[in-house]
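K.L.:
Line order of the protein sequences matches chains A and B.
Here the first sequence stands for residues 0 to 513, numbered as in numbering that gives the first Met the number 0.
Here the second sequence stands for residues 0 to 464, numbered as in numbering that gives the first Met the number 0.
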Amino acid sequence: MAQSIVGTHLDTTWAYNSARVAVRVRCDWNKDGDYGDAYEDVTSRVASLSVSHALYNQLSGLPVLGGNRPSGATLQLLNEDRWFSPDNAAGLAGTYADLAYGIYRIPIIIELGYYYGATPEYLTQFVGEIEGVDESESHGVATVNVACTDNSIGLLQYKESTTVTQDALPSTAIAALLVAAGVLVYDLDTALAEVPYSWLDDENIWEECQQLALADGGMFYMSKGGTPTFRRMTAPVERADSTVSQATLNEGNAAFYRNSIAWRDCYTGVIAEWAGRYPGTVAELYRAPAPIAIPPSETVTEECRFRYPAMAVVTPEYDVDYQAITSGPNTVPYGVAGVQISVTAYGQRADVAITNNLTDDTLYVMNLALRGYPLLGEEAQQKRWDQTLALIDGEKVYPIRGNPYVQTQEQVERVGAFMRDRLQRPRRMLAWKGAACPWLEMLDRVTLSHHTMTPNPGVDLDCYVVGMSMSYSAGAGWLQELTLLPVGGVFAYDDYFIIGTSVYADAASDKVAY
Amino acid sequence: MLPAFPRVPEVENGMVLSAATLNSYHRGLRYLLGQAHEPRLYQTATDVWHEVGIAEGMHTIYSGNAPLIGWTLYYNFWVMDWDWSWQVGVTGDDAAWHTLASGSGSGDAHPVGTVDLSGSAAFLTEGKIYTWAVKLDSTHASYNSSGAVWALTIRPSSVAGWAAPPAIVNAAVSDEADLNGFRTDLYALRDWLTGYNHGLTGTTGSHYVDVSQWHTFWRGTQRWKAGQSVYVSIQAKGYQNNGRKYCDWGVDLVYPTRSGAYWSTLNVYTKSMTQAELNAGGGQYVRFDATIPSATFGALTEGTYYGLAFWVYLGGAAEAGNDIWVQRPIAKRVARVTPAAGWPTLTEWAHGDVDAGATRLNAISTGLTQLYTGGGENLFPEVPATGGPGALVHTKPWLVYYLAAGAEPVIRFGANNEGRYDLPKDVTGQFVSFDLSAVRQLTPGALYILEGVTYAIEADGAYSG
Numbered sequence: 000m001a002q003s004i005v006g007t008h009l010d011t012t013w014a015y016n017s018a019r020v021a022v023r024v025r026c027d028w029n030k031d032g033d034y035g036d037a038y039e040d041v042t043s044r045v046a047s048l049s050v051s052h053a054l055y056n057q058l059s060g061l062p063v064l065g066g067n068r069p070s071g072a073t074l075q076l077l078n079e080d081r082w083f084s085p086d087n088a089a090g091l092a093g094t095y096a097d098l099a100y101g102i103y104r105i106p107i108i109i110e111l112g113y114y115y116g117a118t119p120e121y122l123t124q125f126v127g128e129i130e131g132v133d134e135s136e137s138h139g140v141a142t143v144n145v146a147c148t149d150n151s152i153g154l155l156q157y158k159e160s161t162t163v164t165q166d167a168l169p170s171t172a173i174a175a176l177l178v179a180a181g182v183l184v185y186d187l188d189t190a191l192a193e194v195p196y197s198w199l200d201d202e203n204i205w206e207e208c209q210q211l212a213l214a215d216g217g218m219f220y221m222s223k224g225g226t227p228t229f230r231r232m233t234a235p236v237e238r239a240d241s242t243v244s245q246a247t248l249n250e251g252n253a254a255f256y257r258n259s260i261a262w263r264d265c266y267t268g269v270i271a272e273w274a275g276r277y278p279g280t281v282a283e284l285y286r287a288p289a290p291i292a293i294p295p296s297e298t299v300t301e302e303c304r305f306r307y308p309a310m311a312v313v314t315p316e317y318d319v320d321y322q323a324i325t326s327g328p329n330t331v332p333y334g335v336a337g338v339q340i341s342v343t344a345y346g347q348r349a350d351v352a353i354t355n356n357l358t359d360d361t362l363y364v365m366n367l368a369l370r371g372y373p374l375l376g377e378e379a380q381q382k383r384w385d386q387t388l389a390l391i392d393g394e395k396v397y398p399i400r401g402n403p404y405v406q407t408q409e410q411v412e413r414v415g416a417f418m419r420d421r422l423q424r425p426r427r428m429l430a431w432k433g434a435a436c437p438w439l440e441m442l443d444r445v446t447l448s449h450h451t452m453t454p455n456p457g458v459d460l461d462c463y464v465v466g467m468s469m470s471y472s473a474g475a476g477w478l479q480e481l482t483l484l485p486v487g488g489v490f491a492y493d494d495y496f497i498i499g500t501s502v503y504a505d506a507a508s509d510k511v512a513y
Numbered sequence: 000m001l002p003a004f005p006r007v008p009e010v011e012n013g014m015v016l017s018a019a020t021l022n023s024y025h026r027g028l029r030y031l032l033g034q035a036h037e038p039r040l041y042q043t044a045t046d047v048w049h050e051v052g053i054a055e056g057m058h059t060i061y062s063g064n065a066p067l068i069g070w071t072l073y074y075n076f077w078v079m080d081w082d083w084s085w086q087v088g089v090t091g092d093d094a095a096w097h098t099l100a101s102g103s104g105s106g107d108a109h110p111v112g113t114v115d116l117s118g119s120a121a122f123l124t125e126g127k128i129y130t131w132a133v134k135l136d137s138t139h140a141s142y143n144s145s146g147a148v149w150a151l152t153i154r155p156s157s158v159a160g161w162a163a164p165p166a167i168v169n170a171a172v173s174d175e176a177d178l179n180g181f182r183t184d185l186y187a188l189r190d191w192l193t194g195y196n197h198g199l200t201g202t203t204g205s206h207y208v209d210v211s212q213w214h215t216f217w218r219g220t221q222r223w224k225a226g227q228s229v230y231v232s233i234q235a236k237g238y239q240n241n242g243r244k245y246c247d248w249g250v251d252l253v254y255p256t257r258s259g260a261y262w263s264t265l266n267v268y269t270k271s272m273t274q275a276e277l278n279a280g281g282g283q284y285v286r287f288d289a290t291i292p293s294a295t296f297g298a299l300t301e302g303t304y305y306g307l308a309f310w311v312y313l314g315g316a317a318e319a320g321n322d323i324w325v326q327r328p329i330a331k332r333v334a335r336v337t338p339a340a341g342w343p344t345l346t347e348w349a350h351g352d353v354d355a356g357a358t359r360l361n362a363i364s365t366g367l368t369q370l371y372t373g374g375g376e377n378l379f380p381e382v383p384a385t386g387g388p389g390a391l392v393h394t395k396p397w398l399v400y401y402l403a404a405g406a407e408p409v410i411r412f413g414a415n416n417e418g419r420y421d422l423p424k425d426v427t428g429q430f431v432s433f434d435l436s437a438v439r440q441l442t443p444g445a446l447y448i449l450e451g452v453t454y455a456i457e458a459d460g461a462y463s464g
C-alpha cells in the first residue's frame, strides 16, 4: 500500500515545477543493523541511481503478476579519491576489515523525496543488498557501479527442507518459510484457500513463496521498503490504497506517455489443472543401494531421498529394516554397545545418523530400508473457463499448470474464474513517465489524466500501478516511469461484498465474488 | 477414496465474500447430514437374560471393546429377580479392573445412565481401545439374579468448540465473526463424530431342530432415529423333510418396557423360507434379507434405545425332521432419504449473487442447529463396546483389528459373502491397522463379514494407541 506521507509536504512538493530532489543513500558496511557508522552515508558520492520494481513482466504478462524477478537498483558512485578501491588500504576496505575481499551482500537503503524549504523529506524507495561492485576509470574520472537486489537476495538460493504440513493457507506457509530463513518481518494478506499438503525438499524459499502465492491467485514480492509482501488475488478490490486513488498523474508533470493494448495478454479461455494427494498405507520409501560402513566410534549420516513424499517415517527397526554386522560377519547388537540409529525426517528425504559404538570394528549396516506413510498423487484434473464477452477471436487458451500447491478443485475454481475475467478482454497497458511520486507502491490506484490537445479527448483512467522504475542523477531531476493497468474490467464487478464493510441484505447486497 | 469433510476457509474483515467459501459451508452441512444418515449397524446385546449363580460372585454378563473417543460412558441394561448388585467398568492402562459405576437392589430394575470419565485419566488414555464390561452379582442367599445388557457405548462428552450459530440480521454490517462462526460450528460438529464405524457381533452358526418353538438367535439394540427403516439379513441353510414348507424367520421390535419375563414386542417382519429358497444354496448358506419400512415400526421416540430380536420357527409336527442353521445376522439402520422437517434449503452461491443476507445465511445456522444435540438430524455420535467376528459396513478407510495367536482373519464380501480376502495375520496380541483400499471389492457402503478376529472396527486413521 502507499507509503505514509503523514508529517511531510510531499503531496504538494512532488508536483512543483522546481521541486528539489532530496536523496539519501546509506550502506551498512559492518552489517550491524544500523546506518549510523562512519562512511555509511554515501549520499555525497551518488552520481546517479536507478531503481526498478515490477509486478508486471513483459515476458510472463498479465497472467502472472508478481511471479517475477526481484526488484533491483543500480548506482554510480564517485570514486575520485579511490575510496572504494580494494587496493586502497586507507579506504573503505581498510576501514572495515570484512570488506577486504570485496563488497558483497552489504545492506543498502535508498531514499528519495523532495525538499520542503530547507528540509529534506525522504521516503524509502529501495531496500536490499549490494550484490556486485565494479570499479572503472576513464579519462581520470573514477566511479564505481553498484548493482543491488532487493531483500529477496537472501531467499533466492536459500534451500530449505520441511516435513509435510497439512491444510496450511499459502500465507501461513509463506510465513513459516520466511521465518525459517530468518525473516521475521513480513506483510502477508490472509490467503483464500488451504493447500492440503505442502513441503519443501531442498528448494529455494523465494521460488516456493512465489508458487504458494500463485496457487492462491495472489502475488508475492518485496515492497519498496524490503518487506516480503503477499497480496491475495482480490487485494485490488479490497485494499483502500487500491480502491481510492493515491495520486493524480496529469500532463502537467508528464515527460512521456504511452498507451498500448496488450493483445498478447488476451486469452479466449483459461484451463486450470490440479492434482491432489492422499496418504497411502505404510510402504517402503527408501532402500540403501549398498552396505553402509561406519568406522569404529564414529557416526555416519546417510542422506536418503524417498520415492514418494511421506507423511511420517517409521524409525528403522533393528533386524527388520536393517542388519548390523562386522566384517566377520558377526551380528552387532543395538544399543550403546553396538549400533544406534536416529532419523531426522523431512517431507521427501531423511538424514539417518548411524553410530558405531564399537571401538575396534567397522560396522556394516546392511539392507537399510526406510518405511513410512507415503503421500500418493491423484490423477490430474482440469477445468476450463471460456470467455464470456466474446471479444477475442480464435482460440487462445491460457494454461495454469505445474504448480505443486494447486491440489484441490476449490483452489482452481477461484483462480480460474478470476483469471478468465482478467484475461478475456484486451487490456490497455499504459506507461507514464514524469516527476516521481514518492509514496506510490505496487497495486496502488492512481488517476491518469492526460489531455494534451483538442479534439483528442485524452484519457481519464484509474489504474493500478504494476511496475515502477525510477532514475536520478545528481543535479538533475528524479523521474519515475510507471506501468499502469487500468482498473476497468480487471474484475467482473466493482462492488463486491467486503466483509466488515458491506451490510447484509436479502436483496441488492454487494455482490458475492467467486 | 471415501468422501471426506470439505475444507472450510477462514475469513477476515476486509476480505471479499467468496461464493466458494459460502458453498463450503453448504458442503460441510451436507457431509454432516450424510453422517447423520450413516448406515449404522445395531449393537449386539446380551442374548436374553444372563443368569448369574449365587456362588459366582461379581460375574461379567457383557463385555466388549471400544476406543475412548470421548469421556462419557453410557450404560443401559436390565436386572431381574431377587437381590443383586452390579458394576460397570473398564480394564485400564494398568491392566486392572476399574469400577466406573455401580448399584444394588432387588427385583426388576433398569439401570440406565452415563459416567463422566474425565476423572479417570490416570488409567484411561483418549484414543486407546479398551475392554468395557457390565458385571452382576446375585447377592441373595438362595436365588439367582439375571441381567440383560442392551447398550454399552462411549460418547463424546459434549460438542467441544460449539457456540450458538450466528443470527444474521439484515442491514447490519457484516463481520468475520459471523462467517467464522459457521466454520467453527461445522468443525465442532465434525470433531464430534467418533471417527469409527463399529461392527455387529453375530452368531457363527446356530442350529435348531425343535418344532413349534420360536428360537431367538440374535438380539441387538440401537438408538432410534426418526423415520429410519431397518435392513435385516441372515444366512440360513437346512434339511427339509418330504419337500414341505420349511420354516419362518422373523424380526421383532423390542420395546424398552418389561412384559412378564421379557419385553413388549411387535413383529415387524416374517419371512417364510421355502424349500426352494434354501436349496438354492446347494447345501451352503443362503442369504435372506429385507428392508423393513419405517411405518412398520409405528411411532417411536428419537434417541431411545429399542431392540430387535431375530428368531426362527419350525412349525408343527409336519416339520419334524427338518432342521435349520442360521448365522451372520445383520441389522442396519437405513435412514430416510429426506431430512427431518426443518432442515434448510441450501441453494448454491454463485459469483454476482446480491442476496448475501439473513435468509440465506441463517439457513446455514438452521442446518447447524439441526445437527446439534436436540436437533432433528442429531448426529448421535457413539461407539458401542462390541465383540468379535461379525458384520461391518465399509465407510472408513482403515480396519483396526485384534488377533489371537493362530487366528485366520478373513473378509467375506459379495451378495452371498462368497468373495474372500485374507487379512494379514502375522501380528497377534495387539491391535493392527489395515488399509481397506487394498480390498478393491469393498465399495463404500458395502456390507461385509469379518471372520477370525477377536475384535474389529473401521476407523478414519490408523490406530496409534
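Yeah, the Cβ is synthetic: ideal placement off N, Cα and C, and Gly gets one too.
Here the structure is a predicted model, which is why all the values come from computation and not from measurement.
Using a Cβ cut-off of 8 Å (strictly closer), state whether residue 159 of chain B contacts chain A.
P.N.:
Chain A, which has no Cβ nearer than 8 Å to the Cβ of residue 159 of chain B, makes this no.
K.L.:
When burial is assigned at 16 or more other CB atoms within 10 Å of the CB, is residue 443 of chain A buried or exposed?
P.N.:
Burial call: buried.
K.L.:
Taking 8 Å as the threshold (C-beta atoms), are residue 342 of chain A and residue 351 of chain A in contact?
P.N.:
Contact: yes.
K.L.:
Could you tell me how far apart the beta carbons of residue 222 of chain B and residue 107 of chain B are, in whole angstroms, since I believe they sit closer than 8 Å?
P.N.:
About 23 Å; that fails the 8 Å criterion.
K.L.:
Please name the residues in the region 351 to 363 of chain B whose beta-carbon is closer than 9 Å to at least one beta-carbon of chain A, in chain order.
P.N.:
So the close ones are 351, 352, 353, 354, 355, 356, 357, 358, 359, 360.
K.L.:
Are the region 416 to 423 of chain A and the region 196 to 214 of chain A in contact at 8 Å, needing three or more beta carbon pairs?
P.N.:
No, the region 416 to 423 of chain A does not touch the region 196 to 214 of chain A.
K.L.:
Which residue spans inside the region 79 to 164 of chain A form an unbroken alpha helix (DSSP H) run of at least 4?
P.N.:
91 to 94, 152 to 155, all fully within the region 79 to 164 of chain A.
K.L.:
Along chain A, in chain order, which residues have C-beta atoms closer than 7 Å to that of residue 439 of chain B?
P.N.:
Correct list: empty, because the minimum Cβ distance to chain A is about 13 Å.
K.L.:
Name the residue from A/201, A/222, A/195 whose alpha carbon lies nearest to the alpha carbon of residue 215 of chain A.
P.N.:
Looking at the Cα atoms, A/195 is the closest of the given residues.
K.L.:
Can you grab the Cα-Cα spacing for the pair residue 362 of chain A / residue 399 of chain B, in whole Å?
P.N.:
Cα to Cα, residue 362 of chain A sits roughly 39 Å from residue 399 of chain B.
K.L.:
Hey, is residue 496 of chain A's beta-carbon within less than 8 Å of any beta-carbon in chain B?
P.N.:
So, interface residue.
K.L.:
Going by the beta-carbon positions, is the gap between residue 402 of chain B and residue 427 of chain B smaller than 8 Å?
P.N.:
In this structure, residue 427 of chain B lies closer than 8 Å to residue 402 of chain B by Cβ.
K.L.:
Along the chain, where does the beta strand (DSSP E) that runs through residue 88 of chain B open and close?
P.N.:
It spans 82 to 90 - the beta strand (DSSP E) in which residue 88 of chain B sits, taken as one unbroken run.
K.L.:
Measure the C-alpha to C-alpha separation of residue 292 of chain B and residue 268 of chain B and round it to an integer number of angstroms.
P.N.:
Answer to the nearest angstrom: the Cα atoms are 10 Å apart.
K.L.:
What residues in the region 149 to 168 of chain A have a beta carbon less than 7 Å from any beta carbon of chain B?
P.N.:
Per Cβ criterion, the list reads 166.
K.L.:
Please decide whether residue 463 of chain B counts as near chain A, where near means a Cβ-Cβ distance under 8 Å.
P.N.:
So no, residue 463 of chain B is outside the interface.
K.L.:
Can you check whether the CB of residue 240 of chain B is closer than 8 Å to the CB of residue 395 of chain B?
P.N.:
Cβ distance not < 8 Å, so residue 395 of chain B and residue 240 of chain B don't count as in contact.
K.L.:
Work out the CA separation of residue 84 of chain B and residue 140 of chain B for me, nearest whole Å.
P.N.:
Distance between the alpha carbons of residue 140 of chain B and residue 84 of chain B is about 13 Å.
K.L.:
Is there at least one Cβ from chain A nearer than 8 Å to residue 167 of chain B's Cβ?
P.N.:
Residue 167 of chain B counts as touching chain A.
K.L.:
Indicate the three-state DSSP secondary structure (helix, strand or coil) for residue 103 of chain B in the structure shown.
P.N.:
Strand at residue 103 of chain B.
K.L.:
For chain B, check one thing: does any of its Cβ atoms lie closer than 8 Å to the Cβ of residue 215 of chain A?
P.N.:
Closer than 8 Å: no.
K.L.:
Check the Cβ-Cβ distances between residue 15 of chain B and every residue of chain A, and say whether any is below 8 Å.
P.N.:
Closer than 8 Å to some Cβ of chain A, the Cβ of residue 15 of chain B qualifies, so yes.
K.L.:
Helix, strand or coil, according to DSSP, for residue 173 of chain A in the structure here?
P.N.:
The answer is helix: DSSP assigns residue 173 of chain A an H, G or I state.
K.L.:
The alpha helix (DSSP H) that contains residue 177 of chain B, what's its start and end?
P.N.:
Taken as a continuous stretch (DSSP letters only), the alpha helix (DSSP H) holding residue 177 of chain B covers 175 to 191.
K.L.:
Alpha helix (DSSP H) containing residue 24 of chain B: first to last residue?
P.N.:
Residues 18 to 35.
K.L.:
Can you pull the chain B neighbours of residue 314 of chain A, defined as C-beta to C-beta under 9 Å?
P.N.:
None at all; the shortest Cβ gap to chain B is about 14 Å.
K.L.:
When the Cβ atoms of the region 266 to 277 of chain A are set against those of the region 401 to 412 of chain A, are three or more pairs found closer than 8 Å?
P.N.:
With the cut-off at 8 Å, the region 266 to 277 of chain A and the region 401 to 412 of chain A touch.
K.L.:
Which runs of the alpha helix (DSSP H) at least 4 residues long sit entirely within the region 271 to 331 of chain B? Give them in chain order.
P.N.:
Segments of the alpha helix (DSSP H) lying fully in the region 271 to 331 of chain B: 274 to 278.
K.L.:
Using 8 Å as the limit for Cβ to Cβ distance, is residue 280 of chain A near chain B?
P.N.:
Closer than 8 Å to some Cβ of chain B, the Cβ of residue 280 of chain A qualifies, so yes.
K.L.:
For residue 138 of chain B, which of B/431, B/80, B/287, B/307 has the nearest alpha-carbon?
P.N.:
The residue with the shortest Cα to Cα distance from residue 138 of chain B is B/80.
K.L.:
Determine the DSSP secondary structure at residue 232 of chain A, reduced to helix, strand or coil.
P.N.:
Looking at residue 232 of chain A - three-state DSSP - the assignment turns out to be coil, as it is neither helix nor strand.
K.L.:
If distances are taken between C-alpha atoms only, which option among A/370, A/24, A/291 comes closest to residue 124 of chain A?
P.N.:
Measuring from the Cα of residue 124 of chain A, the nearest candidate turns out to be A/24.
K.L.:
For the region 184 to 199 of chain A, enumerate the residues whose C-beta is nearer than 8 Å to any C-beta of chain B, in chain order.
P.N.:
Those residues of the region 184 to 199 of chain A that come within reach of chain B (Cβ to Cβ, closer than 8 Å) are 189, 191, 192, 193, 195.
K.L.:
Starting from residue 502 of chain A, find everything on chain B with Cβ-Cβ shorter than 7 Å and list it in chain order.
P.N.:
Chain B residues near residue 502 of chain A: 170, 171, 172, 173.
K.L.:
Can you find a CB in chain A that lies within less than 8 Å of the CB of residue 8 of chain B?
P.N.:
True, the Cβ-Cβ gap to chain A drops below 8 Å.
K.L.:
Residues of chain B with CB under 9 Å from residue 241 of chain A, in chain order?
P.N.:
The contacting residues do not exist; residue 241 of chain A stays about 12 Å from chain B at best.
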